[in-house]
Structures are given as C-alpha cells and as structure tokens.
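Numbering (this note's numbering), first residue to last: 256 to 815.
For every residue, glycine included, the Cβ atom is placed at its ideal position computed from N, Cα and C.
As the structure is a prediction and not an experimental result, all values here were calculated from the model.
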Amino acid sequence: MKRIILLFSAIILLSINASAQFNLMWAKNIGGVDPDEGLSVVTDATGNVYTVGTFSGTADLDPSASTLNFTSIGDEDVYVIKQNSIGGLIWAKTFGGTNTDIPAGVGVDNSGNVYISGTYGGAIDLDPSAATFSFFTGSIEVFVSKLDASGNFVWGVSMGSGANDRATAMKVDGSGNVYTTGSFEGMMDFDPGAGTYNITPFGSGGTDVFVSKLNTNGNFVWAVNMGGVGVDDPKGIVVDALFNVYVTGSFEDVADFDTGASTFTLSSLDQQDAFVCKLDGNGAFVWAKQFGGIDRQSGTGLALEGTTNVYITGEYQNTVDLDPSVGAFTVTSTGALYSSYAVKLSSAGNFVWAKNISGSNDVLGNKIVISPAGFVYWSGYNKGIADLDPGAGTNNSNATTGFDTFVTKLDASGGYMIAESFPYVWNSFVVNTTSEIILTGRFNLTRDFDPTATTSTITSVGSTDGCIVKLNQLTTSIYESETKASQIVIYPNPNNGSFVINAEEGSKVRVVNALGQEVATYIISNGEQKINLNECKSGIYFLIMSSNGKQSCKKFVIAN
C-alpha cells in the first residue's frame, strides 16, 4: 500500500480555538517608577533565558521577591538579565552613558557567552563592572559588546560615521560570530580595530542598510550596504546553518541590493515597499525580493525553516502584492489602515504561500518564529477587532489595551491552528523544543498575564515595566509536545474515519473530539494501527499518545 501523508490547511470544519490555548507558566516584571522595557530575548540549550532592554532612573532588575536595584547613568541605559528555565535570577548587569542607549538584540553562543548590539549617543561605558570601557561620539553610533557566561565584560566595539547610525537587529551563530544590521547616513568605518573599512551610502538625505559581521573576538570580518537615495530601514536579520544571511525591512524610491560591483535595483511602487534579501556567508548578494502596492509596506521580522525556507512578516496599507514573482497574490486592508502579513518563500526566493490579518483598526506586524517542529508563530499588534484566523474561519479578538499583542499559530502549509491575544506588548519571543514560548516586552497598570480563565495579575511599578513571561500550550487539556507530535504519522489526513497511524510500538493512543470527549482508545502494535471511526461526525479530532510517562498530541480531520 502506498502511504501518503496529506497536510491540510483549507479544511476547517470546527473552530479549534476553544480546545487549544496558551497557558501561563510564569511571569516576571522588572523596573521602577520610570519607563522600562524588555526588547529582545534568547534561550540557550539548557533553557536559560537571556533578555535585554532599557531602563531609566532606579529599577529593580531581580524579577523575584528580592530586590536588586540599578540606577541609570543617563536617560536610558541597557540591562542584561540571565534567568534559569523557571524564571530564577542568575545575574543582572547594566551599562550605558550620558544619553539614550538602546539594545537592538541579544545573542548567546554555544559556550554561553552573551552578545549585545545596539545604539548610543554621546558617551557609553560598555563594561558593567566597576571598571570602564568607554566610547564617545558627538552623534549616534552603533555598539557591539560581549559578556562571558557569568556576565563579565569581555570586549566592546563602536562603529559610526559621525551622523546618525543605528543598529536595529542582530543575530549570533553558534561560533560567536555577530551579525548586525541597521541604517547609516554618512561614510562609516565598519572595522572597529586598527584597520579601516569605509562604506559611503548611495545617496544623501536618506539612510542605507548595512550588514556587519564580527567574529567572536570582536574583529572585523566583512560589511556591506544596500540602498538608494531614500530612507532604507532594516528591521530583522537571521542566519542559517550555512551562514547565509537574510534581512528584511523597507525601502523608498530605487534601491540597489547587490552588495558587489554589479547592481540589482528594486523600485518601490508607492511611498514605501517591504524587502527581503539574501546574502551568502561572505556578504555577497544572492537575491532580493519586494512586497509592494499602494501606500506603505514594511518587513518587520523573519525566521528560517532550516536552510530550505524563509518566513517574513510585516505590515501594509491599502493593497499589496505578496508574491514577489511575476505572479500575484494581492491582499487589501481597509483603506489607510494597516494590516499584517506572513509570507513563506523558498531559500531561492520563490513564493510558497501568504496570509494576512486585518481588522476594524490597525493591525501591525512584529515578529515571526518557527518552532523546532516546524510550526509558524506569527505575532503583531491589533487595535480594535481583528480576525486572527487568516483562513476561511473566524477568530475575532477585540483589543482591550489600545494595542493588544496577537499570536497566530500556523502549520508549515499556512493552515490555521490556534490564536490568542494578550493585554501587554510582546517585543521579542522564542519557542523551544517543548512548545514553550518565552517572551519579553512591556506593560502598564495592572494586567492579567494568564490567558486562561485563571487570573494572574501584575501591577507595574512605574508608567511601564519590563516583563519576561513563559507560556506553554494545551490542546483539549493535554500538553502538546511538538517534537513528539511530529513523530506520529496519520494517513490519510483528512480522512473519512478510516485511517492508519504510525507511532512508537506499545504506546497508548486516545482519540478525543474538539470538546475533549474520549471517542476511542488503542494500543499501538508493530508501530502501526488501523483506526475505524466511521460512525464519528465530521470535524476536528486529536490523537493523544502516552509513552514513557510523556504525552503528545496530533490533530486530524474526519470529513464524511
């Protein structure tokens, strides 16, 4: 018998939102009476959580009942916090200068070293200890620094042009190479060492995109620029296992994305278009694509599925074509309101699929994350009512805080799975191998951090506090391990009630409907089990597998 695994995306016969939800594991706040905010988060292989953000005045950076106060040197300083997997503080460090210092991202290498990239003005001391390691500028420049696994200062560098140069995103690979993207206005020396590597932007009056690579010792490896005469602004960067670099953002007018001697220009269709480009491990141009239409479009985040696919999210006004090829995939928002999009391209830049989320007011793009099991987590901000199901179904969410954060989960084919909205801001998040979401952001007043019927409120100390939150996912009240779930094979899916499952021999399998009611139970023999549920009604069902004290869940559809 020929075995075919069918992935479904369009057939949604029942809403599964009622039977699938995010659940709070823990939530922590950090801050003081002045504004504080978490901006970027990563985790390491052992589950430790690293966050960076900004604080003003005096802030308590110990998220537990204890107190660990720090006082900023200038308007806003940078904090770096390391926690264990259950939210306990390991260490907290701060650094900054006389003006505003903003981290663009944080990364960790395989040895636990921590890297931070960002922007500063005036003076900055990058050493969080009593010693100093300072830089001075009369403008706005870019910094990159490294701490060891204990939070001790290792090195720091500064790069700038004497104009306004900003880091907007960064990524660190396992070897500790640091990739930073941002924008610059004047001729900029990207070699922070004794050498010089000057790059001049294409035009005056605007900004170009830069991508810089430093090695684990802070030494210059390469730097490139892309842009034209308008304002070109990157928002996200990712690096795959082959060291290919992908960048997304926005550009105006005409921009050249070829980082070499040749040219590859894209022209915006209206005020501003979104772009995504790919560079190889040496910074050489591979390809660039645009998403354009009427009014303004931007790329705000991107993520990788191994070395095979890249996912981009962002926002658009009015009408945009999300297929960058000669084909078209056009979506429309309500007039000048913003809507959010998610696009999947192959590593060659070919269009795979696109989705959009719109509402009664603005829906803004933020981040997109691919879990280790290949599921898509798409986040943004909605004001008013937004339909968080980008498919044929409906899952309306009405914002309660001005702008709420939404998260929509899709499968790799773009099929809708679940969605949730949260009454606080997510700036950055990751998803680990057990489907747990770790995020950082900000909140004000009193907010309920538990998305279930249970209440878990935290009140901000000041106008805004930073937050660090860990969530997991339940499906029909059973924890879903995506890694384990990916090992359960159901074919065909959808089916008419008769199908075959492949799973670990000796596993106990329960079949439940979307209400959590048990339909049947089986014991897997020889790694395969024939199932007959012909009397069951059409709808969404779940296989819950128990093996070695662990449970995992797989969704399937009966379509009679």
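Would you report the Cα separation of residue i and residue j, rounded to the nearest angstrom?
i, j, result
"S652", "G646", "15 Å"
"D525", "V662", "29 Å"
"L559", "W608", "15 Å"
"F630", "Y375", "36 Å"
"S366", "I743", "34 Å"
"Q338", "W346", "7 Å"
"V812", "G794", "6 Å"
"E292", "S711", "20 Å"
"G431", "N470", "6 Å"
"F797", "T688", "20 Å"
"D528", "T451", "33 Å"
"P456", "S438", "10 Å"
"I328", "D356", "10 Å"
"K401", "Q276", "38 Å"
"N564", "T326", "44 Å"
"L788", "I799", "15 Å"
"V774", "I786", "12 Å"
"V755", "S780", "12 Å"
"R697", "G351", "20 Å"
"A478", "F465", "7 Å"
"P579", "V361", "31 Å"
"G415", "P749", "56 Å"
"Y566", "T392", "37 Å"
Run the CB neighbour count on residue i, radius 10 Å, all protein chains shown included, and call it buried at 16 or more, exposed below.
i, result
"I612", "buried"
"S807", "buried"
"L497", "exposed"
"M425", "buried"
"T585", "exposed"
"S715", "buried"
"K792", "exposed"
"S720", "The sequence shown places Asp at residue 720, rather than the Ser named in the question. Classification for D720: buried."
"P290", "buried"
"N272", "Reliability of the predicted coordinates at N272 is poor, the pLDDT of 36 falling under 50, and the value obtained from them is presented with this limitation in mind. So N272 ends up on the buried side."
"M443", "buried"
"S405", "exposed"
"V581", "exposed"
"A300", "exposed"
"D463", "buried"
"D380", "buried"
Please name the residue in the options whose C-alpha comes closest to that of residue i.
i, options, result
"L534", "G460, T568, C808 and M481", "M481"
"G373", "F677, K610, D428 and D332", "D332"
"V493", "Q527, P456, G461 and V531", "V531"
"G485", "D508, G287 and T707", "D508"
"G448", "V399, P678 and A641", "V399"
"S523", "F391, S553 and G670", "S553"
"A641", "A628, T349 and D659", "D659"
"N727", "I778, L700, S311 and E675", "E675"
"T309", "N284, V335 and G441", "V335"
"Q572", "V541, K544, K599 and G614", "G614"
"P383", "T436, I778, V369 and A510", "V369"
"S690", "L619, W681 and K725", "K725"
"S319", "V686, N303 and I341", "I341"
In the DSSP assignment, find the unbroken beta strand (DSSP E) run with residue i in it and report its ends.
i, result
"Y571", "N564 to Q572"
"S601", "Y593 to S601"
"M442", "From DSSP, M442 is part of no beta strand (DSSP E); its letter is neither H nor E."
"L694", "I692 to F698"
"D659", "D659 to L665"
"Q526", "Q526 -> no beta strand (DSSP E), and no H or E assigned at all."
"P358", "I357 to V363"
"I549", "Taken as a continuous stretch (DSSP letters only), I549 belongs to no beta strand (DSSP E), as it is neither H nor E."
"L619", "V618 to I625"
"T587", "T585 to T587"
"D315", "T313 to D315"
"S634", "V631 to N637"
"G342", "Per DSSP, G342 belongs to no beta strand (DSSP E) and is neither H nor E."
"I371", "V369 to D380"
"D332", "D332 to Q338"
"Y501", "V500 to F506"
8 Å is my cut-off, CB to CB: does residue i come that close to chain B?
i, result
"V531", "In the structure shown, chain B does not exist; there is a single protein chain."
Thinking residue i and residue j are a contact (beta carbons under 8 Å), I'd like their distance in whole angstroms, please.
i, j, result
"Y434", "V363", "Contact doesn't hold; Cβ gap of about 14 Å is too wide."
"T298", "I693", "6 Å"
"G639", "N616", "3 Å"
"I625", "T568", "At roughly 11 Å, the Cβ-Cβ gap does not stay under 8 Å, so I625 and T568 are not in contact."
"T695", "V296", "4 Å"
"T555", "G491", "7 Å"
"L323", "D330", "Not really, about 21 Å apart at Cβ, beyond 8 Å."
"G830", "D488", "Outside the displayed span of the chain (256 to 815) sits residue 830, for which this structure offers no information."
"Y632", "V686", "6 Å"
"D644", "Y671", "5 Å"
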